[in-house]
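For what it's worth, the numbering used here labels the leading residue of the sequence shown as 3, then goes sequentially.
Ideal placement from N, C-alpha and C gives every residue a C-beta, glycine not left out.
It should be emphasised that the depicted structure is a prediction, and the values quoted were computed from it without experimental measurement.
First the structure, in the form of structure tokens, and then the observations on it.
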Amino acid sequence: MDLRRSPLHDRHEALGAKFSEFGGWQMPLEYAGVVAEHTAVRTAVGVFDVSHLGKIVVLGPGAAELVNSTLSNDLGRIGPGRAQYTLCLDDETGGIVDDIFSYYRDEEHVLLVPNAANNAEVYDRLAAAAPEGVSVTNEHTDYAVIAVQGPKSETVLHVAGLPVGHDYLTFVEADVDGAEVIVCRTGYTGEHGYELIAPAAVAPALWDRLMEAGEKFGIVPAGLGARDTLRTEMGYPLHGQDIGPDVTPVEARLGWAVGWKKPAFWGRDVVVAAREAGAGRKLVGLVSTGRAIPRPGMGVYLHGIPVGKVTSGTFSPTLKKGIALALTDAAVPDDAEVAVDVRGRHEAFEVTRPPFVDPSVREG
């Protein structure tokens with residue numbers, strides 16, 4: 003299979019990136035190393051290419067109404083110029099087809115950013131549901147997405163001549179070399195940060211501008227390996243591992259991303275019933291009390307009885323210990339001590355509610 007390449011691929015090659023496949027794209031996994039890149043984001047600033055993320059534009063009278071009547075969260079909770087985390091649920095099972103960021107420009111213009119592997123599926127479902135007069139356009143390869151994350155991210159953007167200072171989960175538009183760039187106060191690292199959605203043609207020059215502006219502030223290019231450890235420390239779920247079509251938002255503890263009072267969205271009847279009945283399992287956090295490093299698929303045990311599996315597991319560069327997300331039986335107490343089968347040895351872990359580290363995403 004031929005993998006798609008980011009508009010910034012040449013920049014990554016010049017920086018010596020190691021590449022891997024992500025959702026049908028060849029993307030940088032790491033440059034200097036995951037731990038070094040992770041630490042740079044927590045302490046200074048890192049820049050990621052996340053152009054593999056999907057881009058779907060919904061336009062026309064009733065665009066916001068279409069999004070609001072299909073996706074789980076309620077655009078009525080926010081106003082134009084704001085972003086929102088939402089879910090595309092299967093109408094019959096209530097399972098999570100994808101988790102998405104929606105950027106609400108106005109009643110006639112909503113930008114959706116799904117995961118790379120699910121972009122086509124989300125597009126197909128929305129296009130089929132669109133009424134006359136509302137267009138749903140798949141613009142997956144037309145735009146690049148550059149994430150600048152870390153405590154010095156705002157300073158870097160300011161030096162680069164980009165607008166800063168807007169609140170968390172808001173976005174503004176900027177002119178970059180005659181092209182419109184959306185500057186979003188969003189990110190998936192838990193740090194103060196921004197995501198820049200730019201036309202593919204101007205992305206390389208924008209990347210260069212950011213790298214030059216951030217040089218004296220310790221900016222480093224960061225790959226998707228570091229993005230994974232950063233999001234795991236925050237307890238942010240990854241579609242295809244922690245959540246998926248076989249997991250409902252009730253089980254994933256994502257009820258906050260559901261507009262329960264809305265009259266309609268895909269899967270509403272199923273997830274409302276599941277909420278009332280109570281989930282049989284739940285997504286929890288696990289922290290190693292020793293030196294064990296958990297990995298996806300490892301069994302979780304309570305008093306020797308299997309109660310679930312690790313969905314995401316890694317070494318936390320910030321905590322210097324193993325952490326995990328796991329789907330377990332709902333009866334497992336939120337402060338229990340459990341065991342994880344790490345290569346045949348039952349290692350001790352404590353159940354907790356993420357995030358595993360203190361977030362600064364809303365600061366500034």
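Need the endpoints of the alpha helix (DSSP H) that residue i sits in, please.
i    : result
L208 : A205 to G216
E278 : R270 to A279
G220 : Neither: G220 is in no alpha helix (DSSP H) and is coded neither H nor E.
V161 : S155 to V161
T41  : V36 to T45
D126 : N121 to A131
In whole angstroms, what is the alpha-carbon distance linking residue i and residue j?
i    : j    : result
G62  : T45  : 43 Å
H142 : A16  : 24 Å
P9   : A38  : 25 Å
F267 : Q86  : 15 Å
G269 : V147 : 30 Å
G195 : T172 : 12 Å
K154 : L198 : 16 Å
S74  : S362 : 26 Å
V309 : V334 : 8 Å
H160 : H348 : 50 Å
C90  : V183 : 26 Å
C186 : V178 : 15 Å
F21  : P265 : 45 Å
L114 : A228 : 24 Å
H79  : N70  : Here the sequence assigns Arg to residue 79, which means His is not the residue at that position. Near 11 Å, if we compare the C-alpha coordinates of N70 and R79.
A275 : A65  : 28 Å
V344 : V112 : 45 Å
R233 : M213 : 23 Å
Y303 : L208 : 49 Å
M29  : D4   : 13 Å
P239 : G346 : 26 Å
E253 : G282 : 7 Å
T330 : H305 : 14 Å
Is residue i close to chain C? Criterion is C-beta to C-beta, closer than 8 Å.
i    : result
Q243 : The structure shown has no chain C; it contains just one protein chain.
Measure how close the beta-carbons of residue i and residue j come, nearest whole angstrom, since I'm counting them as under 8 Å.
i    : j    : result
A202 : D144 : 6 Å
D92  : N117 : Going by Cβ atoms, the distance from D92 to N117 rounds to 15 Å, so no, they are not a contact pair.
P251 : V273 : 6 Å
K284 : M300 : That belief does not hold up - the Cβ atoms of K284 and M300 are roughly 17 Å apart, past 8 Å.
E365 : G225 : In fact, because the Cβ distance is near 25 Å, the residues do not count as touching under 8 Å.
V138 : I58  : 6 Å
G237 : L327 : 7 Å
A149 : V52  : 5 Å
When the distance is taken between beta carbons, is residue j closer than 8 Å to residue i?
i    : j    : result
G315 : R293 : no
F103 : T188 : yes
V359 : K323 : no
G192 : P357 : yes
T291 : A332 : no
V43  : Q151 : yes
D248 : G96  : no
L68  : A131 : yes
D12  : G261 : no
A176 : P165 : yes
P319 : T72  : no
In the DSSP assignment, what are the bridge partners of residue i?
i    : result
N140 : I58
E339 : E352
A19  : The partner list for A19 (beta bridge, DSSP) is empty, contrary to what the question assumes.
S362 : Its beta-bridge partners do not exist; DSSP assigns none.
P201 : Y145
V166 : Paired residues: none, contrary to the question.
V150 : V49 and Y196
H241 : I245
E175 : I184
V289 : I325 and E352
Could you please give the first and the last residue of the uninterrupted beta strand (DSSP E) stretch that includes residue i?
i    : result
T88  : R84 to L91
E67  : From DSSP, E67 is part of no beta strand (DSSP E) but of the alpha helix (DSSP H) over A65 to T72.
R107 : I98 to D108
H111 : H111 to V115
Q28  : W27 to E32
S53  : Run containing S53: none; DSSP gives neither H nor E here.
G301 : G301 to L304
T95  : That residue, T95, is in no beta strand (DSSP E); it is neither H nor E in DSSP.
K263 : First-last for K263: undefined, no H or E at that position.
T313 : I307 to S318
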